[in-house]
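Residue numbers (the numbering used here): 6 to 405.
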């Protein structure tokens, strides 16, 4: 009996074992208490195994986002990275242009507002300045409003220097007057009573465009600025400058103080024929002392083309509120000279670079074309007199 009962008991247990196991799975084990490690090792992995098929499906659906949440974050990060990289790519050209303006002015200039509509047009650069003129050698190849009277700002100082150089004694001592020391705008910082060599005062006037030094030159030359200005106007008449009139030696705005691009080119060319003037206006910087050695002055050129543009020879910059940015520039390459004058110019450094470079490239062709046209006009003007039909009464009678 005991053996039979044992076998029966084992048979019953084997038959009901699956039900017991299922009942244990429904109840599930008691979840362990939360610990520090539970954060790193979530107990959620055991829960799906303790659920019925139906519950397991629901919990699987519920827990799927939890499992895939890191993936979703990664996807979002990838999308944001792509968005950032796309935005960076879109903004890259703008940044490249902005940075190239600082590093490579010549290339930027060629692609800037200085680009002409057509090189063969006389007013090819109509949008760069209120008035301008470009010469290759002695021939004008481009110009716009070149005979319009406009304020020349410190381009005036070219005439001041020209007069001083015509009676130049470099070792003369210039004593600064109160009027000169009181000048405003661009200044060297001279004080009344300062004594400097004439050569140094002239250099400060042309390199630094210092108004106090400029006024001191006028005082040295003529005793006062008023007398000096009268002589400036006389010299302008001698040069045939009918559209130039000066009211001061330095270029301050005044309704009666004006010049033109053409006239300023004449003044610049005349001044550049003087070796001292030509040497000074190519200097980037210099320093000098007062005669007594107590004061040291350092000057740096206002012409940003000096040392930056191939073949640049000067000449002078200018700016006032009334005149705007002004420039006279000359450059020489392989024996060919280009002269540029700009009055009230936008982006004068970029545009001047582009215009001078273009003049060296296109200038010889344009000059040759201009000479050819002049020859054709001269020939056509002489031809009609020789080949005109005979309309005399005798010829008409013969024809009848």
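Every residue, glycine too, gets a C-beta built ideally from N, C-alpha and C.
Just so it is clear, the structure is predicted and the values come from calculations on it, not from any experiment.
Looking at the DSSP output, residue 317 bridges to 336. In the structure shown, residue 302 falls within a strand segment according to DSSP collapsed to helix, strand and coil. The bridge partners DSSP lists for residue 322 are 332. Its chain contains 314, 334, 336, 343 and 345 as the residues whose beta carbon lies nearer than 7 angstroms to that of residue 361, once the 5 sequence neighbours on both sides are disregarded; these appear in chain order.
Counting C-beta atoms within 10 angstroms of its own C-beta, residue 171 has fewer than 16 neighbours from the protein chains shown and is therefore classed as exposed.
Distances from the CA of residue 221 to each of 383, 195, 135 and 125 were compared; the closest alpha carbon is that of 195.
With a contact defined as Cβ atoms closer than 8 angstroms, residue 372 and residue 146 qualify at about 7 angstroms.
Taking a contact as a CB-CB distance under 8 angstroms, the pair residue 256 and residue 159 counts as one, their CB atoms being some 4 angstroms apart. Between residue 166 and residue 211, the gap from beta carbon to beta carbon is short of 7 angstroms. Taken in chain order, the unbroken stretches of alpha helix (DSSP H) that lie wholly in the stretch 264-299 and span 4 residues or more are 266-277 and 280-285. Around the beta-carbon of residue 323, 16 or more other beta-carbon atoms lie within 10 Å, marking it buried. Considering only 370, 383 and 347, the residue with the shortest C-alpha distance to residue 133 is 347. Note that the C-beta distance between residue 163 and residue 270 is not below 7 angstroms.
Contact between the stretch 287-298 and the stretch 195-206 is present: 3 or more CB-CB pairs across the two stretches fall below 8 angstroms.
Around the CB of residue 140, 16 or more other CB atoms lie within 10 Å, so the residue is classed as buried.
Taking the CA atoms as reference points, residue 354 sits about 20 angstroms from residue 215.
Counting only the Cα atoms, residue 374 lies some 26 angstroms from residue 317. For residue 247, no beta strand (DSSP E) encloses it, and the DSSP letter there is neither H nor E. Look at residue 368 here: in three-state DSSP terms it is helix.
Pairing residue 228 with residue 238, the inter-Cα distance amounts to about 16 angstroms. The residue from 213, 264, 235 and 383 with its alpha-carbon nearest to that of residue 303 is 213.
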